[in-house]
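Participant:
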Amino acid sequence: MSPRTARLLLWGLIALLLAAIAGYAIYKVQPLLNPKVVARAPVDVSCNLRDHPCSVVFDDGTRVELSIEPRYIPPLKPLQVEVRVEGRETSGAEIDLVGLNMNMGYNRPVLSQAGPNLYRGTLTIPVCVRNRMDWEATILLRTSAGLIAAPFRFSTLKAHAYEKP
Numbered sequence: 011m012s013p014r015t016a017r018l019l020l021w022g023l024i025a026l027l028l029a030a031i032a033g034y035a036i037y038k039v040q041p042l043l044n045p046k047v048v049a050r051a052p053v054d055v056s057c058n059l060r061d062h063p064c065s066v067v068f069d070d071g072t073r074v075e076l077s078i079e080p081r082y083i084p085p086l087k088p089l090q091v092e093v094r095v096e097g098r099e100t101s102g103a104e105i106d107l108v109g110l111n112m113n114m115g116y117n118r119p120v121l122s123q124a125g126p127n128l129y130r131g132t133l134t135i136p137v138c139v140r141n142r143m144d145w146e147a148t149i150l151l152r153t154s155a156g157l158i159a160a161p162f163r164f165s166t167l168k169a170h171a172y173e174k175p
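With the numbering used here applied, the sequence shown corresponds to residues 11 to 175, in that order.
1. Do Glu104 and Arg81 have their C-beta atoms within less than 7 Å of each other?
2. Quick check for students: name the residue ranges of the alpha helix (DSSP H) that lie wholly in the segment 95-148, counting only runs of 4 or more.
3. Using DSSP's beta-bridge definition, name the partner residues of Pro178.
4. Kindly indicate which residue of Arg140, Ile135, Asn113 and Thr100 has the alpha-carbon position closest to the one of Gln123.
5. Return no unless some Cβ of chain D is closer than 7 Å to the Cβ of Glu146.
6. Within its chain, find whatever has a CB closer than 8 Å to the CB of Leu86; leave out the 5 residues flanking it on each side and keep chain order.
7. Indicate the three-state DSSP secondary structure (helix, strand or coil) for Pro212 in the structure shown.
Here is the structure:
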């Protein structure tokens with residue numbers, strides 16, 4: 011075998027090894043980015059988080075309420091988030107924020123436990139080039155049965171990013 015062929019073979023093996031390592035890393039990280047959800051509540055599209063707290067109810071009767079302050083939900087400003095859970099014991103909560111009319115990247119802050127089945131935290135919503143942006147904030151709750159998801163929808167207006175409270 012010529013030195014050139016040996017060198018090409020070595021580089022090919024290195025590339026194959028790196029591809030295998032990258033594939034394994036993606037396989038291991040995937041559950042963290044997209045956790046398996048055992049139950050998902052239906053979205054209540056009639057509730058407006060800009061007016062008052064909203065709640066969703068699971069098939070088993072578990073109720074999850076989300077409140078966001080300030081109510082007008084300005085982008086680029088820290089928002090105070092509160093989640094209350096009734097009817098099921100939980101051990102942790104995160105909020106997964108997804109833009110519905112444009113991909114706005116990964117945004118999933120962990121909420122702090124403030125009491126039994128009560129979670130609080132801060133959320134900052136990115137500003138969008140569009141005047142109005144529609145969002146789905148899914149509360150991911152850790153339970154003994156696994157993750158349950160409580161989705162809430164709301165809209166933000168770009169003009170609110172530049173208003174002073």
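A virtual CB, placed ideally from N, CA and C, is assigned to each residue, including glycine.
Facilitator: Looking at the coordinates:
1. No, Cβ-Cβ distance for Glu104 and Arg81 is not below 7 Å.
2. Runs of the alpha helix (DSSP H) inside the segment 95-148: none found.
3. This structure gives no information on residue 178, because the portion of the chain shown stretches from 11 to 175.
4. Gln123 has its Cα closest to that of Thr100, out of Arg140, Ile135, Asn113 and Thr100.
5. Given the protein chain composition of this structure (a single chain), no chain D is represented.
6. A distance below 8 Å between beta-carbons, with the five flanking residues on each side excluded, links Leu86 to the following residues of its chain, in chain order: Thr134, Ile135, Pro136, Val137 and Ala171.
7. Outside the displayed span of the chain (11 to 175) sits residue 212, for which this structure offers no information.
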